[in-house]
Amino acid sequence: MAGQGWLDDLMSKVGDDGVALTGDGGFLPEMIKAVLERGLEAELTDHLGYERGDPAGAGSGNSRNGSTPKTLLTEVGPVDLDTPRDRVGSFTPRLVPKGTRRLGGLSDMIISLYAGGMTVRDIGHHLQRVYGTELSHDTISKITDEVLEEVKAWQTRPLDAVYPVIFIDALVVKVRDQNVVRNKACHVVIGVDTDGVKHVLGLWVQQQEGARFWNQVLGELRNRGVRDVLIACCDGLVGLPEAVESTWPQTVVQTCVVHLIRASLRYVSYNDRKAVAAALKPIYTAVNADAAFDELTTFADSELGKKYGATVAAWERAWDRFVPFLAFPLEVRKVIYTTNSIESLNYQLRKIIKNRGQFPNDDAIIKLIWLAILDIEDKRAALREKDKGKPANKRTAPPRLIEGATTTGWRAAINALDLAYPGRLPAGL
1 MAGQGWLDDL
11 MSKVGDDGVA
21 LTGDGGFLPE
31 MIKAVLERGL
41 EAELTDHLGY
51 ERGDPAGAGS
61 GNSRNGSTPK
71 TLLTEVGPVD
81 LDTPRDRVGS
91 FTPRLVPKGT
101 RRLGGLSDMI
111 ISLYAGGMTV
121 RDIGHHLQRV
131 YGTELSHDTI
141 SKITDEVLEE
151 VKAWQTRPLD
161 AVYPVIFIDA
171 LVVKVRDQNV
181 VRNKACHVVI
191 GVDTDGVKHV
201 LGLWVQQQEG
211 ARFWNQVLGE
221 LRNRGVRDVL
231 IACCDGLVGL
241 PEAVESTWPQ
251 TVVQTCVVHL
261 IRASLRYVSY
271 NDRKAVAAAL
281 KPIYTAVNAD
291 AAFDELTTFA
301 DSELGKKYGA
311 TVAAWERAWD
321 RFVPFLAFPL
331 EVRKVIYTTN
341 SIESLNYQLR
351 KIIKNRGQFP
361 NDDAIIKLIW
371 LAILDIEDKR
381 AALREKDKGK
391 PANKRTAPPR
401 LIEGATTTGW
411 RAAINALDLA
421 YPGRLPAGL
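Going by full-length UniProt numbering, the sequence shown opens with residue 1, and the numbers climb by one from there.
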């Protein structure tokens with residue numbers, strides 16, 4: 001074990017000889033080695049009941065018996081550790097338990113890098129290049145798999161009985177399925193609780209099209225405690241409206257208006273998009289369904305409407321799922337106008353997913369997206385912590401993205417929903 005003057009000697013070498021901070025022989029690995037070995041020696045002393053060289057140990061029935069070398073992988077490089085042992089083999093260290101080959105910090109680093117979008121191979125190269133730590137791809141994969149139990153617990157946690165609004169959207173990911181790479185949709189379900197706080201309720205990778213898949217998803221939500229949903233906002237997902245009506249018969253399924261606008265503008269040339277968008281606005285800002293239909297007819301009969309008949313057709317196809325929006329007061333319309341809350345999250349997730357290329361299975365998709373959501377919110381929380389104490393006009397940190405974020409204008413919206421759906425919201429809101 002390093003002597004008492006080790007730290008001063010090594011600090012002088014940092015200045016004189018340029019000792020590296022990390023890697024083999026680096027300052028930080030040597031410091032970790034010294035701290036851990038001293039800690040292990042203290043544990044053994046406590047276990048034996050006497051200090052090294054103390055005559056009280058004579059005839060005690062147990063004594064020190066040298067050490068066992070082991071290499072401990074850490075986030076600053078490998079550490080060659082001498083673990084002390086006792087003669088009868090009853091010493092069980094707690095600081096570095098038997099069988100441990102890496103410090104917890106290294107696992108945390110690997111999971112953080114994985115959540116940021118790095119592949120298992122990329123993480124291996126990074127650890128080798130920066131810290132001199134070599135880990136097999138299987139080991140790195142097993143470390144990231146350690147969170148699967150947490151994911152399972154999160155995916156099955158109890159939920160509130162009532163969510164006034166839920167949003168459902170999808171991310172397209174590539175999955176290797178029986179040696180064939182194909183696209184799958186990973187659906188994100190976000191619920192707004194009665195306090196207006198958003199929560200990611202779960203993630204589901206679509207195995208088959210249509211109502212059967214959605215019956216499974218919504219059945220899981222119901223089994224986790226969701227007894228009622230007032231409004232379900234989505235974007236033309238096949239089979240979802242029928243599944244919602246089967247699970248929660250009183251729920252209104254509402255097409256995302258922003259998605260509908262975007263879909264109808266796909267048929268419009270770039271030069272005409274602003275004009276068409278302006279011409280469509282009176283439809284979705286109309287006071288009721290009759291007024292909106294009149295505005296759609298006016299657009300269809302206009303020069304732009306005749307030029308872009310496909311845009312008119314897009315609105316006509318979606319009309320039955322669009323018009324419920326027009327029955328709500330302005331306060332509620334502002335909340336359900338768009339699934340932008342999910343789209344903002346999806347934008348961040350797509351940047352991470354694009355680095356992956358493809359996933360080996362569905363569990364890998366859920367694992368990465370769950371970790372990425374936590375990572376995004378943790379980074380934002382760290383930035384907000386830095387802004388603490390600054391004047392409001394000097395704070396630049398972003399708010400929560402989804403999890404725990406408060407819906408703007410919620411008090412007015414929940415009052416309007418309580419009037420529109422008497423008896424369906426908990427008392428005392």
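The C-beta atom is built at its ideal place from N, Cα and C for all residues, glycine as well. Since the model is a prediction, treat every value here as computed from it, not as a measurement.
Comparing the C-beta of residue i with each C-beta of chain B, is any distance below 8 Å?
i	result
residue 53	Absent from the structure: chain B. Only one protein chain is present.
Relative to the C-alpha of residue i, which candidate in the options has its C-alpha closest?
i	options	result
residue 136	149, 122, 146	122
residue 369	203, 154, 44, 274	203
residue 315	303, 331, 296, 302	296
residue 263	304, 386, 253, 318	318
residue 313	219, 215, 280	280
residue 400	411, 385, 392, 389	385
residue 322	144, 141, 257	257
residue 197	154, 299, 411	411
residue 52	140, 244, 86, 301	86
residue 215	247, 58, 193, 231	247
residue 119	195, 380, 419, 359	359
residue 373	90, 347, 392	347
residue 342	235, 59, 292	235
residue 213	181, 239, 300	239
residue 425	162, 408, 33, 232	162
residue 409	181, 114, 192, 90	192
residue 229	211, 377, 152, 250	250
Per DSSP, what kind of secondary structure is residue i in: helix, strand or coil?
i	result
residue 155	helix
residue 86	strand
residue 299	helix
residue 204	strand
residue 437	Only positions 1 to 429 of the chain appear in the structure, and residue 437 is not among them; the question remains open.
residue 314	helix
residue 2	For residue 2, the pLDDT reaches just 46, beneath the cut-off of 50, and the residue's location in the model is therefore unreliable, leaving the point undetermined.
residue 223	helix
residue 60	coil
residue 191	strand
residue 54	coil
residue 45	helix
residue 305	helix
residue 124	helix
residue 136	coil
residue 98	coil
residue 359	strand
residue 393	helix
residue 408	coil
Residues in the same chain with beta-carbon distance under 7 Å from residue i, minus the five sequence neighbours each way, listed in chain order, please.
i	result
residue 84	40, 41, 44, 64, 67
residue 98	92
residue 158	224, 225
residue 139	none
residue 381	none
residue 88	62
Go through its chain and collect everything with a Cβ distance to residue i's Cβ below 6 Å, but skip five positions before and after it.
i	result
residue 413	331, 332, 335
residue 72	79, 81
In terms of residues, what are the limits of the beta strand (DSSP E) holding residue i?
i	result
residue 254	252 to 255
residue 171	162 to 177
Residue range of the alpha helix (DSSP H) that residue i falls in?
i	result
residue 366	362 to 386
residue 228	Residue 228 -> not in any alpha helix (DSSP H); beta strand (DSSP E) instead, spanning 228 to 234.
residue 284	273 to 284
(request) Mind the definition here: the stretch 263 to 273 touches the stretch 297 to 309 only if three or more C-beta pairs lie below 8 Å; say whether that holds. (result) yes
(message) If contact is defined by three or more beta carbon pairs under 8 Å, each pair taking one atom from either stretch, is the stretch 222 to 242 in contact with the stretch 400 to 410?
(response) no
(request) Determine contact between the stretch 163 to 181 and the stretch 351 to 358, defined as no fewer than three beta-carbon pairs at a distance below 8 Å. (result) yes
(message) If contact is defined by three or more beta carbon pairs under 8 Å, each pair taking one atom from either stretch, is the stretch 153 to 167 in contact with the stretch 376 to 392?
(response) no
(message) Any contact between the stretch 204 to 218 and the stretch 179 to 192? By contact I mean 3 or more CB pairs, one from each, below 8 Å.
(response) yes
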